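Notes follow the structure.
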Amino acid sequence: MPTLTTPEETMPLLTTTRPSRHLNDRRGVATGIMLVLLLVGILFLGLVVEMGLLYQARLQLQAAAEAAALAGAAELMDDDVLRPLVPASQDDDVDAARRIAWHYAGANAVAGQTITLVGNTGGAPADAVTPGTVHFVPGQGRRFVPRQPGGRADTLQVHLARSDANRHPIGLWFTTFLGNRDADIGAIAWARLNQYVLGFRPTPSCRVPMLPLAAIEDGSSRSWTAQAFATPVPGGNDRFSIAQRTGAVSSGADAIPEVLLQSNDATLWLLRLPASAQATDIARHVAEGIDADDLAPLGGALLATSPGGTPRVLGAAATIPSVVVQALRDAIGANRVWPLVRRQSPDQVQLVGFAAGRIVQVRETNGNVAVRVQPDQIITPTALTSLDTNNAFYNPWIGKLEIVH
(Lines of atoms letter the chains of each structure in order from A and count residues from 1; the text may use other names and numbers.)
(Lines give C-alpha, C1' and ligand atoms only; values in the text may rest on other atoms or scores of the structure.)
Protein backbone atom coordinates (compact mmCIF):
# COMPACT_ATOMS: atom_id res chain seq x y z
CA MET A 1 0.00 0.00 0.00
CA PRO A 2 1.50 3.23 -1.08
CA THR A 3 2.70 5.56 1.56
CA LEU A 4 0.65 8.72 1.89
CA THR A 5 2.39 12.02 2.39
CA THR A 6 1.05 15.37 3.36
CA PRO A 7 1.52 18.52 1.23
CA GLU A 8 3.84 19.94 3.83
CA GLU A 9 6.10 16.92 3.35
CA THR A 10 6.32 17.28 -0.49
CA MET A 11 6.97 21.11 -0.69
CA PRO A 12 10.63 22.16 -0.71
CA LEU A 13 11.81 24.20 2.14
CA LEU A 14 12.26 27.95 1.27
CA THR A 15 15.05 29.73 3.05
CA THR A 16 15.85 33.48 3.13
CA THR A 17 18.91 35.38 4.24
CA ARG A 18 18.83 38.81 5.86
CA PRO A 19 21.19 41.53 4.53
CA SER A 20 24.12 42.32 6.70
CA ARG A 21 23.66 45.35 8.91
CA HIS A 22 27.14 46.52 7.95
CA LEU A 23 26.20 46.51 4.24
CA ASN A 24 23.19 48.72 4.93
CA ASP A 25 25.41 51.12 6.81
CA ARG A 26 27.85 51.37 3.86
CA ARG A 27 25.05 52.05 1.42
CA GLY A 28 23.68 54.79 3.63
CA VAL A 29 27.10 56.45 3.91
CA ALA A 30 27.61 56.35 0.10
CA THR A 31 24.22 57.94 -0.49
CA GLY A 32 25.02 60.70 1.97
CA ILE A 33 28.37 61.37 0.34
CA MET A 34 26.76 61.53 -3.08
CA LEU A 35 24.19 64.02 -1.84
CA VAL A 36 26.89 66.18 -0.27
CA LEU A 37 28.98 66.09 -3.46
CA LEU A 38 25.91 66.95 -5.52
CA LEU A 39 25.14 69.94 -3.32
CA VAL A 40 28.78 71.09 -3.45
CA GLY A 41 28.79 70.72 -7.24
CA ILE A 42 25.60 72.74 -7.58
CA LEU A 43 26.99 75.41 -5.27
CA PHE A 44 30.29 75.52 -7.16
CA LEU A 45 28.50 75.73 -10.51
CA GLY A 46 26.32 78.50 -9.15
CA LEU A 47 29.39 80.40 -7.93
CA VAL A 48 31.03 80.07 -11.35
CA VAL A 49 27.90 81.35 -13.08
CA GLU A 50 27.55 84.18 -10.59
CA MET A 51 31.19 85.21 -10.98
CA GLY A 52 30.70 85.17 -14.76
CA LEU A 53 27.68 87.44 -14.43
CA LEU A 54 29.68 89.80 -12.21
CA TYR A 55 32.49 89.88 -14.77
CA GLN A 56 30.00 90.62 -17.52
CA ALA A 57 28.46 93.39 -15.43
CA ARG A 58 31.93 94.86 -14.90
CA LEU A 59 32.53 94.91 -18.67
CA GLN A 60 29.16 96.59 -19.21
CA LEU A 61 29.99 99.20 -16.60
CA GLN A 62 33.39 99.92 -18.16
CA ALA A 63 31.83 100.26 -21.60
CA ALA A 64 29.21 102.64 -20.22
CA ALA A 65 31.89 104.75 -18.51
CA GLU A 66 33.90 104.99 -21.73
CA ALA A 67 30.84 105.91 -23.79
CA ALA A 68 29.89 108.63 -21.33
CA ALA A 69 33.45 109.96 -21.19
CA LEU A 70 33.77 110.09 -24.99
CA ALA A 71 30.42 111.83 -25.40
CA GLY A 72 31.30 114.42 -22.77
CA ALA A 73 34.87 114.99 -23.95
CA ALA A 74 33.59 116.10 -27.34
CA GLU A 75 32.18 119.19 -25.62
CA LEU A 76 35.62 120.24 -24.36
CA MET A 77 36.51 121.77 -27.73
CA ASP A 78 36.42 125.49 -26.99
CA ASP A 79 34.41 127.23 -29.71
CA ASP A 80 35.25 130.64 -28.26
CA VAL A 81 38.46 130.56 -30.33
CA LEU A 82 36.29 131.06 -33.42
CA ARG A 83 35.23 134.49 -32.15
CA PRO A 84 38.25 136.76 -31.62
CA LEU A 85 36.19 139.36 -29.74
CA VAL A 86 34.87 136.85 -27.20
CA PRO A 87 37.13 136.24 -24.17
CA ALA A 88 38.32 132.66 -24.25
CA SER A 89 36.75 130.59 -21.46
CA GLN A 90 36.17 126.87 -21.20
CA ASP A 91 33.71 127.10 -18.33
CA ASP A 92 30.62 126.70 -20.53
CA ASP A 93 32.25 123.81 -22.40
CA VAL A 94 33.08 122.03 -19.15
CA ASP A 95 29.50 122.42 -17.93
CA ALA A 96 28.22 121.01 -21.22
CA ALA A 97 30.67 118.10 -20.99
CA ARG A 98 29.37 117.20 -17.53
CA ARG A 99 25.75 117.33 -18.65
CA ILE A 100 26.34 115.19 -21.74
CA ALA A 101 28.36 112.60 -19.82
CA TRP A 102 25.69 112.46 -17.12
CA HIS A 103 23.00 111.92 -19.77
CA TYR A 104 24.90 109.10 -21.49
CA ALA A 105 25.71 107.40 -18.20
CA GLY A 106 22.07 107.48 -17.12
CA ALA A 107 20.99 105.99 -20.46
CA ASN A 108 22.92 102.78 -19.80
CA ALA A 109 22.00 99.82 -17.62
CA VAL A 110 24.22 97.23 -15.97
CA ALA A 111 22.81 93.87 -14.92
CA GLY A 112 19.34 95.19 -15.62
CA GLN A 113 19.53 98.32 -13.47
CA THR A 114 20.48 101.90 -14.21
CA ILE A 115 23.88 103.28 -13.32
CA THR A 116 24.51 105.71 -10.50
CA LEU A 117 27.37 108.19 -10.79
CA VAL A 118 29.62 108.36 -7.76
CA GLY A 119 32.00 111.10 -6.76
CA ASN A 120 35.70 111.00 -6.04
CA THR A 121 35.21 112.67 -2.68
CA GLY A 122 32.41 110.91 -0.92
CA GLY A 123 29.75 110.54 -3.55
CA ALA A 124 29.07 114.13 -4.67
CA PRO A 125 27.55 113.86 -8.16
CA ALA A 126 29.54 116.88 -9.38
CA ASP A 127 32.73 114.87 -8.87
CA ALA A 128 31.49 111.87 -10.83
CA VAL A 129 32.39 113.63 -14.08
CA THR A 130 35.69 115.47 -13.69
CA PRO A 131 37.47 117.54 -16.36
CA GLY A 132 41.24 117.73 -16.31
CA THR A 133 44.38 116.59 -18.08
CA VAL A 134 46.43 113.41 -18.15
CA HIS A 135 50.17 113.64 -17.57
CA PHE A 136 52.83 110.99 -17.82
CA VAL A 137 54.87 110.75 -14.63
CA PRO A 138 58.12 108.74 -14.92
CA GLY A 139 57.93 105.69 -12.73
CA GLN A 140 54.21 106.18 -12.07
CA GLY A 141 52.64 106.05 -15.50
CA ARG A 142 49.74 108.26 -16.51
CA ARG A 143 48.17 110.48 -13.89
CA PHE A 144 44.90 112.41 -14.07
CA VAL A 145 45.08 116.00 -12.82
CA PRO A 146 41.71 117.75 -12.24
CA ARG A 147 41.16 121.11 -13.89
CA GLN A 148 41.68 124.15 -11.73
CA PRO A 149 39.11 126.99 -11.84
CA GLY A 150 39.69 129.00 -14.99
CA GLY A 151 42.15 126.44 -16.31
CA ARG A 152 42.11 124.24 -19.38
CA ALA A 153 40.95 120.64 -19.73
CA ASP A 154 41.33 118.17 -22.58
CA THR A 155 40.32 115.00 -20.72
CA LEU A 156 37.12 113.92 -19.01
CA GLN A 157 37.12 111.37 -16.19
CA VAL A 158 33.88 109.46 -15.57
CA HIS A 159 33.44 107.31 -12.46
CA LEU A 160 30.51 104.89 -12.49
CA ALA A 161 29.50 102.37 -9.85
CA ARG A 162 26.88 100.00 -8.59
CA SER A 163 27.67 99.70 -4.94
CA ASP A 164 26.20 99.50 -1.48
CA ALA A 165 27.25 103.10 -0.90
CA ASN A 166 24.81 104.36 -3.52
CA ARG A 167 22.24 101.67 -2.72
CA HIS A 168 22.66 99.95 -6.07
CA PRO A 169 24.90 96.92 -5.46
CA ILE A 170 24.78 93.82 -7.62
CA GLY A 171 22.47 91.31 -5.92
CA LEU A 172 23.90 87.83 -5.37
CA TRP A 173 22.23 84.47 -4.85
CA PHE A 174 24.62 81.62 -4.32
CA THR A 175 27.21 83.52 -2.31
CA THR A 176 24.57 84.37 0.26
CA PHE A 177 25.43 80.95 1.69
CA LEU A 178 28.88 82.39 2.35
CA GLY A 179 27.51 85.54 3.93
CA ASN A 180 27.71 87.83 0.85
CA ARG A 181 24.33 89.13 -0.24
CA ASP A 182 25.62 91.63 -2.81
CA ALA A 183 28.75 92.90 -4.55
CA ASP A 184 30.12 96.34 -5.42
CA ILE A 185 31.56 97.10 -8.87
CA GLY A 186 33.01 100.32 -10.26
CA ALA A 187 34.67 101.65 -13.39
CA ILE A 188 36.71 104.73 -14.28
CA ALA A 189 37.27 105.95 -17.84
CA TRP A 190 39.41 108.76 -19.24
CA ALA A 191 38.49 110.20 -22.64
CA ARG A 192 40.77 112.77 -24.21
CA LEU A 193 40.08 115.34 -26.89
CA ASN A 194 43.43 115.33 -28.71
CA GLN A 195 43.98 118.42 -30.85
CA TYR A 196 47.63 117.79 -31.68
CA VAL A 197 46.92 116.76 -35.26
CA LEU A 198 49.65 115.40 -37.51
CA GLY A 199 47.56 114.26 -40.45
CA PHE A 200 44.75 111.97 -41.54
CA ARG A 201 44.20 108.33 -42.41
CA PRO A 202 40.88 106.95 -43.70
CA THR A 203 39.36 104.02 -41.82
CA PRO A 204 37.48 101.13 -43.47
CA SER A 205 34.20 102.74 -42.43
CA CYS A 206 35.06 106.44 -42.53
CA ARG A 207 36.47 108.69 -45.24
CA VAL A 208 38.53 111.72 -44.35
CA PRO A 209 36.10 114.69 -44.46
CA MET A 210 38.69 116.69 -46.39
CA LEU A 211 38.35 118.90 -49.43
CA PRO A 212 40.80 118.46 -52.31
CA LEU A 213 41.41 122.20 -52.12
CA ALA A 214 44.03 123.96 -50.03
CA ALA A 215 44.24 127.38 -48.40
CA ILE A 216 47.43 129.39 -48.36
CA GLU A 217 49.30 129.61 -45.05
CA ASP A 218 52.39 131.73 -45.67
CA GLY A 219 52.34 134.20 -42.80
CA SER A 220 50.82 136.98 -44.89
CA SER A 221 47.55 138.77 -44.22
CA ARG A 222 45.94 136.57 -46.89
CA SER A 223 46.74 133.33 -45.04
CA TRP A 224 44.05 131.25 -43.38
CA THR A 225 45.23 131.89 -39.82
CA ALA A 226 45.54 135.65 -40.28
CA GLN A 227 42.01 135.89 -41.69
CA ALA A 228 40.51 133.42 -39.20
CA PHE A 229 41.72 135.47 -36.22
CA ALA A 230 41.09 138.92 -37.70
CA THR A 231 38.61 141.28 -36.10
CA PRO A 232 35.15 140.50 -37.51
CA VAL A 233 33.48 143.35 -39.38
CA PRO A 234 29.74 142.92 -40.12
CA GLY A 235 29.19 143.22 -43.86
CA GLY A 236 32.94 142.90 -44.44
CA ASN A 237 34.61 139.68 -43.32
CA ASP A 238 31.53 138.68 -41.32
CA ARG A 239 28.56 138.30 -43.65
CA PHE A 240 27.04 134.88 -42.94
CA SER A 241 25.70 132.77 -40.10
CA ILE A 242 25.45 128.97 -39.97
CA ALA A 243 22.99 126.76 -38.11
CA GLN A 244 25.31 124.22 -36.52
CA ARG A 245 22.84 121.34 -36.46
CA THR A 246 21.59 121.65 -40.02
CA GLY A 247 24.46 123.48 -41.75
CA ALA A 248 21.99 125.98 -43.22
CA VAL A 249 23.70 129.21 -44.27
CA SER A 250 21.95 132.57 -43.94
CA SER A 251 22.95 136.20 -44.31
CA GLY A 252 23.92 138.03 -41.15
CA ALA A 253 26.92 138.53 -38.92
CA ASP A 254 27.71 136.08 -36.10
CA ALA A 255 31.05 137.46 -34.81
CA ILE A 256 33.05 134.73 -36.62
CA PRO A 257 35.41 136.23 -39.24
CA GLU A 258 35.33 134.51 -42.62
CA VAL A 259 38.24 133.47 -44.81
CA LEU A 260 38.21 134.54 -48.46
CA LEU A 261 40.14 132.26 -50.82
CA GLN A 262 40.59 133.00 -54.50
CA SER A 263 42.23 131.07 -57.30
CA ASN A 264 43.59 134.17 -59.08
CA ASP A 265 45.66 135.41 -56.11
CA ALA A 266 47.15 132.01 -55.16
CA THR A 267 45.22 131.70 -51.90
CA LEU A 268 43.12 128.79 -53.23
CA TRP A 269 44.74 125.70 -54.73
CA LEU A 270 43.33 122.54 -56.29
CA LEU A 271 44.96 119.33 -55.03
CA ARG A 272 44.93 116.10 -57.00
CA LEU A 273 44.71 113.16 -54.60
CA PRO A 274 46.02 111.02 -56.19
CA ALA A 275 47.99 112.82 -58.88
CA SER A 276 46.04 110.94 -61.57
CA ALA A 277 42.66 112.17 -60.29
CA GLN A 278 40.38 113.62 -62.94
CA ALA A 279 37.93 116.49 -62.52
CA THR A 280 35.06 114.09 -61.80
CA ASP A 281 37.17 112.35 -59.13
CA ILE A 282 37.92 115.68 -57.47
CA ALA A 283 34.22 116.58 -57.52
CA ARG A 284 33.52 113.27 -55.80
CA HIS A 285 36.12 114.09 -53.16
CA VAL A 286 34.35 117.40 -52.51
CA ALA A 287 31.05 115.60 -51.98
CA GLU A 288 32.18 112.44 -50.19
CA GLY A 289 35.68 112.98 -48.77
CA ILE A 290 38.98 111.17 -49.29
CA ASP A 291 39.22 107.37 -49.06
CA ALA A 292 42.13 104.95 -48.67
CA ASP A 293 42.52 104.38 -52.43
CA ASP A 294 42.92 108.12 -52.98
CA LEU A 295 45.81 108.23 -50.50
CA ALA A 296 47.40 104.91 -51.50
CA PRO A 297 50.28 106.61 -53.39
CA LEU A 298 51.08 108.51 -50.17
CA GLY A 299 51.15 105.37 -48.02
CA GLY A 300 47.46 105.52 -47.11
CA ALA A 301 47.74 108.72 -45.05
CA LEU A 302 48.22 112.43 -45.58
CA LEU A 303 50.80 113.87 -43.19
CA ALA A 304 52.37 117.30 -43.10
CA THR A 305 55.75 115.54 -43.22
CA SER A 306 56.81 112.35 -44.95
CA PRO A 307 57.90 109.30 -42.88
CA GLY A 308 61.50 110.49 -43.28
CA GLY A 309 60.67 113.85 -41.74
CA THR A 310 60.90 115.86 -44.95
CA PRO A 311 58.10 118.33 -45.82
CA ARG A 312 55.22 116.90 -47.84
CA VAL A 313 55.08 118.44 -51.31
CA LEU A 314 51.93 117.97 -53.39
CA GLY A 315 50.99 118.73 -56.96
CA ALA A 316 48.58 121.65 -57.23
CA ALA A 317 46.82 123.83 -59.76
CA ALA A 318 45.24 127.28 -59.66
CA THR A 319 42.61 126.40 -62.26
CA ILE A 320 39.44 124.84 -60.87
CA PRO A 321 37.19 122.91 -63.32
CA SER A 322 33.53 123.89 -63.52
CA VAL A 323 32.37 120.45 -62.30
CA VAL A 324 34.39 121.01 -59.13
CA VAL A 325 32.96 124.52 -58.74
CA GLN A 326 29.46 123.04 -58.88
CA ALA A 327 30.43 120.41 -56.28
CA LEU A 328 31.66 123.23 -54.02
CA ARG A 329 28.30 124.98 -54.35
CA ASP A 330 26.54 121.74 -53.43
CA ALA A 331 28.79 121.47 -50.36
CA ILE A 332 27.85 124.87 -48.92
CA GLY A 333 27.25 124.52 -45.18
CA ALA A 334 29.12 121.19 -44.86
CA ASN A 335 31.97 121.06 -42.37
CA ARG A 336 35.23 120.00 -44.03
CA VAL A 337 38.94 119.76 -43.33
CA TRP A 338 41.06 122.24 -45.30
CA PRO A 339 44.76 121.51 -45.99
CA LEU A 340 46.99 124.52 -45.35
CA VAL A 341 49.88 124.96 -47.77
CA ARG A 342 52.82 127.13 -48.71
CA ARG A 343 53.57 127.72 -52.38
CA GLN A 344 56.66 125.94 -53.67
CA SER A 345 56.40 126.44 -57.44
CA PRO A 346 53.72 127.23 -60.03
CA ASP A 347 52.42 123.64 -59.77
CA GLN A 348 53.57 122.48 -56.32
CA VAL A 349 52.69 123.36 -52.73
CA GLN A 350 54.14 122.30 -49.38
CA LEU A 351 51.67 120.96 -46.82
CA VAL A 352 52.10 122.80 -43.51
CA GLY A 353 48.94 122.02 -41.53
CA PHE A 354 45.18 121.64 -41.50
CA ALA A 355 42.12 123.68 -40.59
CA ALA A 356 38.36 123.18 -40.69
CA GLY A 357 35.52 125.29 -41.99
CA ARG A 358 32.21 125.51 -43.83
CA ILE A 359 31.80 127.01 -47.26
CA VAL A 360 29.28 129.85 -47.13
CA GLN A 361 29.65 131.27 -50.64
CA VAL A 362 31.10 130.25 -54.01
CA ARG A 363 31.51 132.68 -56.89
CA GLU A 364 33.07 132.27 -60.34
CA THR A 365 33.92 135.36 -62.39
CA ASN A 366 36.05 135.33 -65.55
CA GLY A 367 37.83 132.15 -64.51
CA ASN A 368 38.46 133.29 -60.95
CA VAL A 369 36.89 131.09 -58.30
CA ALA A 370 36.26 132.84 -54.97
CA VAL A 371 35.29 130.69 -51.99
CA ARG A 372 34.26 132.26 -48.71
CA VAL A 373 34.72 129.94 -45.72
CA GLN A 374 33.65 130.30 -42.11
CA PRO A 375 36.16 128.57 -39.81
CA ASP A 376 34.63 125.84 -37.69
CA GLN A 377 35.64 122.88 -35.54
CA ILE A 378 35.44 119.21 -36.41
CA ILE A 379 36.11 115.97 -34.53
CA THR A 380 36.99 113.00 -36.71
CA PRO A 381 38.29 109.47 -36.02
CA THR A 382 40.45 109.74 -39.15
CA ALA A 383 42.80 112.27 -37.55
CA LEU A 384 46.31 111.12 -36.69
CA THR A 385 47.40 112.71 -33.43
CA SER A 386 50.45 112.98 -31.22
CA LEU A 387 50.81 112.51 -27.47
CA ASP A 388 53.96 114.65 -27.52
CA THR A 389 52.43 118.02 -26.79
CA ASN A 390 55.84 119.71 -26.75
CA ASN A 391 56.73 118.95 -30.36
CA ALA A 392 53.32 118.93 -32.05
CA PHE A 393 51.10 121.70 -33.36
CA TYR A 394 47.96 122.42 -31.35
CA ASN A 395 45.06 122.67 -33.77
CA PRO A 396 42.18 124.88 -32.59
CA TRP A 397 39.89 123.59 -35.37
CA ILE A 398 40.38 119.80 -35.44
CA GLY A 399 40.38 117.07 -32.79
CA LYS A 400 40.07 113.36 -32.19
CA LEU A 401 38.47 111.54 -29.27
CA GLU A 402 40.63 108.88 -27.61
CA ILE A 403 40.28 106.57 -24.63
CA VAL A 404 43.34 106.89 -22.40
CA HIS A 405 44.35 103.67 -20.66
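Note that our numbering has the sequence shown beginning at -5, numbered continuously upward. By construction, the Cβ of each residue, glycine as well, lies at the ideal position given by its N, Cα and C atoms. Owing to the predicted nature of the structure, the values given are computational and were not obtained by experimental measurement.
- Secondary structure of L79 (DSSP, three-state): coil.
- Closest in C-alpha terms to Q54, from the list T149, A155 and H97, comes A155.
- Rounded to whole angstroms, the Cβ separation of F138 and W184 is 6 Å, and the two are in contact under 8 Å.
- Checking the DSSP bridge columns, you'll see P140 partnered with G126.
- Burial is judged here by how many other beta carbons sit within 10 angstroms of a residue's own beta carbon; F234 has at least 16 and is buried.
- Secondary structure of W391 (DSSP, three-state): coil.
- Within the DSSP secondary-structure output, L334 pairs in a beta bridge with A209 and G347.
- Listed in chain order, the beta strand (DSSP E) runs fully inside the region 219 to 300 are 234 to 236, 243 to 245, 253 to 256 and 262 to 265, counting runs of at least 3 residues.
- Contact between the region 321 to 333 and the region 205 to 214 is present, with at least three C-beta pairs closer than 8 Å.
- Of R336, A350, T127 and T359, the smallest CA-CA separation from I372 is found for A350.
- Of the residues assessed, A242 falls on the exposed side of the cut-off, its CB having fewer than 16 other CB atoms within 10 angstroms.
- Fewer than three Cβ pairs drawn from the region 194 to 203 and the region 310 to 317 lie within less than 8 Å of each other, which leaves the two stretches out of contact.
- With distances taken between CA atoms, P140 lies nearest to A122 out of A122, R336, L39 and Q134.
- With respect to the 7 Å criterion, G393 and M71 are classified as neighbours on the basis of their beta carbons.
- When secondary structure is reduced to three states using DSSP, R92 falls in the helix class.
- Between V104 and F348 the beta-carbon gap is near 39 Å, outside 8 Å, which marks them as no contact.
- Relative to T261, the option among R337, A59 and P305 whose CA is nearest is R337.
- Exposure of A24 is indicated by the presence of fewer than 16 other C-beta atoms within 10 angstroms of its C-beta.
- Beta-carbon to beta-carbon, D288 and L267 are separated by about 5 Å, close enough to satisfy the 8 Å threshold.
- Between the beta-carbon of A91 and that of E69 there is about 4 Å, and that keeps the pair under the 8 Å contact cut.
- Under the three-state reduction of DSSP output, S215 falls in the coil class, being neither helix nor strand.
- In the structure shown, M204 adopts extended strand secondary structure according to DSSP, grouped into three states.
- For Q320, the uninterrupted alpha helix (DSSP H) run begins and ends at S316 to D324, by DSSP.
- In this structure, I353 lies near V367, with their beta-carbon atoms less than 7 Å apart.
- A103 has T108 as its beta-bridge partners, per DSSP.
- In the three-state reduction of the DSSP assignment, L64 falls in the helix class.
- In this structure, DSSP gives D85 a helical state, which the three-state scheme calls helix.
- With 16 or more neighbouring CB atoms inside 10 Å of its own CB, F194 falls in the buried class.
- According to DSSP, P305 shares a beta bridge with T299.
- Remark: C-beta atoms of P125 and A147 approach each other more closely than 7 Å.
- The closest CA to that of D324, considering only H279, A237 and F387, is found on H279.
- Ranking Q134, Q142, A298 and D232 by CA distance to the CA of Q355 puts D232 first.
- Contact between Q189 and Y388 holds: their C-beta atoms lie close to 6 Å from each other, under 8 Å.
- Secondary structure at H399: coil, using DSSP grouped into helix, strand and coil.
- With 16 or more other Cβ atoms from the protein chains shown falling within 10 Å of its own Cβ, V346 counts as buried.
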